[in-house]
Structures are given as structure tokens and as C-alpha cells.
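**Student:** After the C-alpha cells below, expect a handful of questions from me.
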Amino acid sequence: MQRPLRWLWLAVVVIVLDLATKYVASSQLGYAQPVEVLPFFNLTLLHNTGAAFSFLATHPGWQRWFFALIAIGATVGLTIWLSRIKHDEKLLAIALPLIIGGALGNLYDRLVHGYVVDFLSFHAAGWYYPAFNVADIAITLGAVALIWESIMGERRRKKAHGNVS
Numbered sequence: 125m126q127r128p129l130r131w132l133w134l135a136v137v138v139i140v141l142d143l144a145t146k147y148v149a150s151s152q153l154g155y156a157q158p159v160e161v162l163p164f165f166n167l168t169l170l171h172n173t174g175a176a177f178s179f180l181a182t183h184p185g186w187q188r189w190f191f192a193l194i195a196i197g198a199t200v201g202l203t204i205w206l207s208r209i210k211h212d213e214k215l216l217a218i219a220l221p222l223i224i225g226g227a228l229g230n231l232y233d234r235l236v237h238g239y240v241v242d243f244l245s246f247h248a249a250g251w252y253y254p255a256f257n258v259a260d261i262a263i264t265l266g267a268v269a270l271i272w273e274s275i276m277g278e279r280r281r282k283k284a285h286g287n288v289s
């Protein structure tokens, strides 16, 4: 792919959307006070000092720097990977910037606030999925796209070389 780093514009879009929505949520919602949007969806401002599903959130603060280092390392590694993709790896060219943008959006929160702002809350029959944000959506979509590309890309490469199983 010619100039694969040009796809980093997608990471910038994710970061801008993520930080803008977190700003609106933080300025318009009361902490931990759900605002029902749909019977199964609330806007609920929460602060997560841990990782996904509040992993390590109860620890005294070292996890802030641990997760920041992971985000920085992942961003560097994924950017290097992005710079080396081939012209036929379009899904990969989308997946990597989605993850990069999500990682950097949450990294900003960790470094500036000491926690990640979450506000999207889905629930059903008394069960609540952990709250999340736009960065988390981008990371998840990017990860799903990576998995899809790893499966379908391998099939595509085998087919191109006449080794279809």
C-alpha cells in the first residue's frame, strides 16, 4: 500500500469524537446518575481507574501508569505495523488506526484525569454491561476487524496462490 500512514486520519477522527463526547458527558451528566435514553440504554457518567470491565480499578494508582505504558507501546507497535501493510490489506489499514485512536483517547484521560471517562451503559433484566465510551467502541471494532482480516486474509492469500482448502 502506498503511504499506509495516511490512514492515521482515522485515528485522529476517533480521538476527536472520543474526547468531544467525553467532554459533553462530563459537563452534562451527574456522576453515577443514569439518564434513560431507551429502556435498555442509559447515559451514565462513570470514572474507570482500571482497564476493561474495571480490571485493576481497586488498586492504589500504579495501574494508571501501567495502562498508560501499554497504550503507548501498543500505539508505537501498531503504527509500525500500519507503516508496513500491503496494498491489498485495506481492512487492516482501517483496523489499526481504530485501535490506535481508541488507545490514545483513553490514554489522554488516564494522563490528564487519572481515570477514563465512561458514559454509555447498556442493560437488560437487571443486568448491566460495564459502561464504555467511543474509544472503547473503536478499539473493539478494530479488534474485530483484525480477527476478520486474519481469517479472511489468510484465505485470500491461499486462494491467490492456488492453495484453497
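Residue numbers for the sequence shown follow my numbering, so the first one is 125 and each next one is one higher.
Just so you know, even glycine gets a beta-carbon here, dropped at the ideal spot from N, CA and C.
These numbers were taken from a predicted model, which means no experiment stands behind them.
#1: Helix, strand or coil for E213? Go by DSSP, reduced to three states.
#2: Under DSSP, the beta strand (DSSP E) around L244 begins and ends at which residues?
#3: Can you tell me the Cα-Cα spacing of T173 and V236, whole angstroms?
#4: Could you say which of A219, V258, L193 lies nearest to W205 if we only look at CA atoms?
#5: Along the chain, where does the alpha helix (DSSP H) containing T145 start, and where does it finish?
#6: Pick from V200, W131, L129, A135: whose alpha carbon is nearest that of G225?
#7: How about the segment 142-157 and the segment 237-249: do they share at least three Cβ pairs that are nearer than 8 angstroms?
#8: What is the residue span of the beta strand (DSSP E) that L129 lies within?
#9: L170 bridges to which residues according to DSSP?
#10: With DSSP run on the structure shown, which of helix, strand or coil describes Y252?
**Tutor:** According to the structure data:
#1: coil
#2: 240-248
#3: 12 angstroms
#4: A219
#5: 132-152
#6: A135
#7: yes
#8: Looking at the DSSP string, L129 is not in any beta strand (DSSP E), and its letter there is neither H nor E.
#9: D242
#10: strand
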